[in-house]
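A.B. asks:
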Amino acid sequence: MITPSKFHKFSQTYLHLTASNYSPLDCESEEIGHLLEEAQTTMEGLRHQLALDDDEMERLIIAWHDNDCSQATEEKYSALREVYNFIRHHRPVLAAVRRLPPEIISEIFLHTLSWDDWRFYHRVHNTRLGPWSYCRVSRLWRTVALSLSQLWSEFNFNEIDAAACCEPPVPTLKLWLDRSGDLPLRIYGEVGGDATVPRYEAMARLIVSQCHRWEIFIWEEAPYKRAPVATGDVRDTEAVEETAAPCQQELLPEEIWDGADAEHVLARPQLRQFHAGGTVKSNPFRLLQSAPNLTTLSLRLDIPSHFLPATPIVHTRLRLLDVAWCASKLIDHLTLTQLEKFGVTLSSVSKVAAFLRRSGSTLEELYIRDPVPLGGHLSPILNTVPRLKRLSLRWASNVVPGPGYANNHVSILDKLSVVKEGQPVLLPSLQSLSMEIDESFQPQCLLRMLELRSRLSRCGNNNCQLLKNVELKGKSEEVSLARVKSYISARKKHLGSQVQISFL
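In case it helps, our numbering puts the sequence shown at residues 219 to 722.
1) Whole alpha helix (DSSP H) runs in the region 508-592 with 4 or more residues, listed along the chain?
2) Can you give me the C-alpha to C-alpha distance between D540 and W282, rounded to a whole angstrom?
3) How many Å lie between I378 and P389 at the Cα?
4) Which residue from R316, W333, T260, D273 puts its Cα closest to that of N303?
5) Let me know the secondary structure DSSP gives F492 once reduced to three states.
6) Quick check: F435 and L403, are their CB atoms within less than 9 Å of each other?
7) Out of P598, I549, S427, G594, point me to the one whose CA is closest to L764's CA.
8) What is the residue span of the beta strand (DSSP E) that E372 lies within?
9) Any chance the region 600-611 sits against the region 576-590, with 3 or more Cβ pairs inside 8 Å?
10) Give the secondary structure of F659 by DSSP, where H, G and I count as helix, E and B as strand, and everything else as coil.
11) Have a look at A542, A509, C544, R518 and flag the residue whose alpha-carbon is nearest the alpha-carbon of I531.
12) How close, in whole Å, do the beta carbons of K547 and L526 come, if the pair is a contact with beta carbons under 8 Å?
13) Based on DSSP bridge pairs, tell me the residues matched to K184.
14) Among L685, L668, K559, which residue has its Cα nearest to the Cα of K710?
15) A313 to I425, Cα distance in whole Å?
16) Look at the Cβ atom of D656, then the Cβ atom of V617, and state whether they are nearer than 9 Å.
17) Go to L690, then tell me how far its beta strand (DSSP E) extends in each direction, as first and last residue.
18) Per DSSP, which residues does V426 bridge with? Please list them.
19) With the cut-off set at 9 Å, would you say S698 and M653 are in Cβ contact?
20) Please state whether DSSP places W613 in a helix, a strand or coil.
21) Starting from Q258, trace the alpha helix (DSSP H) both ways and give me its first and last residue.
22) Under 8 Å from any heavy atom of the ligand FAD, does the C-beta of P310 make it?
23) Among the residues of its own chain, which have a CB less than 7 Å from the CB of C429, if the five just before and after it don't count?
24) Is DSSP giving R486 helix, strand or coil here?
25) Within 10 angstroms of its Cβ, does G640 collect 16 or more other Cβ (buried), or is it exposed?
26) Would you tell me roughly how many angstroms separate the C-alpha atoms of L644 and L512, rounded to the nearest one?
27) In terms of alpha-carbon separation, which member of K693, K686, A708, E696 lies closest to I719?
28) Which stretch, first to last residue, makes up the alpha helix (DSSP H) that contains S398?
29) If you reduce the DSSP assignment to three classes, tell me which class S597 lands in.
30) Assuming the contact rule is C-beta atoms closer than 8 Å, Q556 and T529 should be a hit. Round their C-beta distance to whole Å, please.
31) Along the chain, where does the alpha helix (DSSP H) that runs through S365 open and close?
32) Counting along the chain, where does the alpha helix (DSSP H) carrying S720 start and finish?
33) Taking the alpha-carbon positions, what's the A409 to A494 distance?
34) Would a C-beta distance cut-off of 9 Å place R360 and S241 closer than the cut-off?
35) Give me whichever residues DSSP pairs with F435 in a beta bridge.
Here it is as structure tokens:
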């Protein structure tokens with residue numbers, strides 16, 4: 219049996235393994251396994267000599283970890299502690315994760331890449347994390363991380379200027395692009411704060427030079443503060459920020475994002491998902507012409523009049539479109555024959571209805587943001603989408619109601635309750651309804667509509683779908699749903715058993 223005093227010598231022998239995440243050699247694993255068995259036997263013998271039960275041993279271990287032992291206790295249990303420390307430090311060396319083959323590690327790394335849906339993009343890989351963090355774990359992990367081009371083909375920049383304080387951003391970006399090989403790129407960018415335009419422009423030009431490789435491109439350009447011109451005076455940071463003024467102008471000219479002119483449009487053949495917001499100056503109509511395989515488009519940017527095309531554009535691949543109020547001009551000049559999901563902040567009911575009518579009746583999900591989201595004025599829009607399965611109604615507090623909202627006394631729920639020949643007139647295929655409500659919401663209208671759409675006797679034999687899910691959410695955190703919840707719960711027995719009502 220190995221004496222406790224000799225375990226210290228073995229600890230020094232394998233210090234290169236206990237102080238790192240390196241994988242042991244087969245011979246090292248075999249010897250360490252044998253030593254751990256010896257150490258476990260030795261520790262049990264010492265516990266028996268010292269008459270320590272499990273509870274006493276646990277308290278002693280806690281005291282060792284907290285460095286809360288008296289000198290007498292240290293001396294009495296020094297041999298036991300030496301053996302215990304050997305086991306604690308060397309058992310992880312034999313962990314299965316250290317002995318994973320490179321192929322398995324590669325598969326694990328690839329699972330850290332983002333999901334296809336940009337709305338749930340979890341932004342793991344930026345220029346400071348991602349593959350760089352893997353390289354710090356062990357030699358094997360570093361080798362695998364540097365060899366996987368996929369890890370370097372998606373990244374985000376959420377602190378463009380802050381990154382410049384630590385690493386030159388352009389050389390870092392070049393390194394990522396080089397390591398990604400020829401793979402499609404997934405890029406997330408968010409620019410704001412005290413943007414340094416020359417440095418940002420160099421990075422943007424480098425990214426756009428690879429637009430033929432874009433697969434997912436998400437870019438937000440927030441209004442930034444342009445610091446005052448230096449006068450030679452020494453000022454602290456707070457003073458500079460107080461005198462800096464917000465600048466609403468775009469940081470970069472449109473030719474960087476879209477090409478020099480209409481005859482030199484940048485080709486983006488692999489692009490599937492695109493989002494641009496803030497002060498980005500990009501022409502969405504050129505984008506649609508240069509990205510024939512685009513399936514998802516989200517815009518939160520202003521569209522100047524000179525961007526508008528002379529003739530309407532038809533796109534046959536786009537499945538999801540989401541436009542903010544500032545980008546609403548887009549739908550006036552666009553037809554989407556395969557549109558399935560549409561989100562919009564309403565600027566004009568008639569324009570949205572006309573767009574949906576031109577695009578056909580393929581829409582299945584509609585997300586409306588409106589100053590009066592439960593108003594009956596929405597019925598012309600809903601009349602154009604008879605196949606709609608999911609409807610979401612949200613408040614848009616930053617939009618001022620127009621003249622079309624006057625005398626809007628009829629709720630959209632009343633409109634959804636109208637029946638003709640045993641079938642709902644509006645949205646006969648509706649299966650899911652989500653609404654934001656305020657304190658003035660009257661649940662009676664909702665119950666009347668649910669009684670119509672959730673019972674087989676009313677709807678099952680008339681070629682319409684049952685309403686299965688209803689979600690109610692407060693307009694703000696201050697809105698209480700307790701009154702509505704208690705009212706509906708007391709009368710839920712009158713509804714069909716299939717409907718599920720959620721209060722968020």
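Glycine residues also receive a C-beta, built at the ideal position from the N, C-alpha and C atoms.
A quick note: this is a predicted structure, and the numbers were derived from the prediction, not measured.
C.D. replies: Checking against the coordinates, here is how it stands:
1) 567-577
2) 59 Å
3) Caution applies to I378, whose pLDDT of 48 falls short of 50 and renders its modelled position unreliable; the value that the coordinates give is listed next. When rounded, the distance between both Cα atoms is 13 Å.
4) In this structure, T260 is the residue among R316, W333, T260, D273 with its C-alpha nearest to the C-alpha of N303.
5) strand
6) Yes, the Cβ-Cβ distance between F435 and L403 is below 9 Å.
7) Residue coverage of the chain in this structure runs from 219 to 722, which leaves residue 764 outside it and unanswerable.
8) 372-375
9) yes
10) coil
11) A509
12) 7 Å
13) Residue 184 lies beyond the range of the chain shown here (219 to 722); nothing can be said about it.
14) L668
15) 42 Å
16) Going by C-beta atoms, D656 is not nearer than 9 Å to V617.
17) 687-692
18) None, per the DSSP bridge assignment.
19) Not a contact, by the Cβ cut-off of 9 Å.
20) strand
21) Where Q258 is concerned, the enclosing alpha helix (DSSP H) stretches over 244-268.
22) As far as ligands go, the structure on display features none, and thus does not contain the ligand FAD.
23) L484, R486
24) coil
25) exposed
26) If you draw a straight line from the Cα of L644 to the Cα of L512, it is about 31 Å long.
27) K686
28) It is not in any alpha helix (DSSP H) - S398 carries neither H nor E in the DSSP assignment.
29) helix
30) Rounded, the Cβ-Cβ distance is 20 Å, inconsistent with contact.
31) 357-365
32) Following the DSSP letters along the chain, one finds S720 in no alpha helix (DSSP H) but inside the beta strand (DSSP E) bounded by residues 718-721.
33) Note that residue 409 is Val in the sequence shown here, rather than Ala. Distance between the alpha carbons of V409 and A494: 12 Å.
34) no
35) I405, F492
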